[in-house]
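Asker: Pasting in a structure now, in structure tokens, and then I'll have a few things to ask.
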Amino acid sequence: MSGTSFFNTIKLQGQELQKAIETAKDQDNRILMIFKLKDKPLTPVQVHQAYEAQFRRCPLTSIRRSITTLTKKGRLVKTDDMVPGNWGKPIHKWKLA
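The sequence shown begins at 0 in numbering that gives the first Met the number 0 and counts up one residue at a time.
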């Protein structure tokens, strides 16, 4: 299972880096929990809405990062099912592996 939860593009170090890594891992676990609770394929937008309702505000890009990480780790699978997104373009759904 490969894939890192935090991509240190801002060159954090020490305790700041460790906190960011833990925060990203926590987010991955919460997103996995959302998929388990919903028990159906979800778009990143649907996951984002559920995440903010259950936990706290976060950028949609963080949700997408987590979904990508969980997919690379083999925990989620991208489906061929697509629905219209917020901007009218089709977006994929993911499901538990």
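Each residue gets a CB set at the ideal place from its N, CA and C atoms; glycine is no exception.
1. Need the endpoints of the beta strand (DSSP E) that K77 sits in, please.
2. I need the straight-line Cα distance from V46 to T70, nearest angstrom please.
3. Among all the DSSP beta bridges, which residues are the ones paired with K94?
4. Spatial neighbours of I33 within its chain, please: C-beta separation below 8 Å, excluding the five flanking residues on both sides.
5. What's the call for M0, buried or exposed, on a 16-neighbour Cβ count within 10 Å?
Answerer: Reading it off the structure:
1. 75 to 83
2. 14 Å
3. V76
4. L41, V46, A49, Y50, Q53
5. The predicted model places M0 with a pLDDT of 40, which falls under 50 and marks its position as unreliable, so this point remains unresolved.
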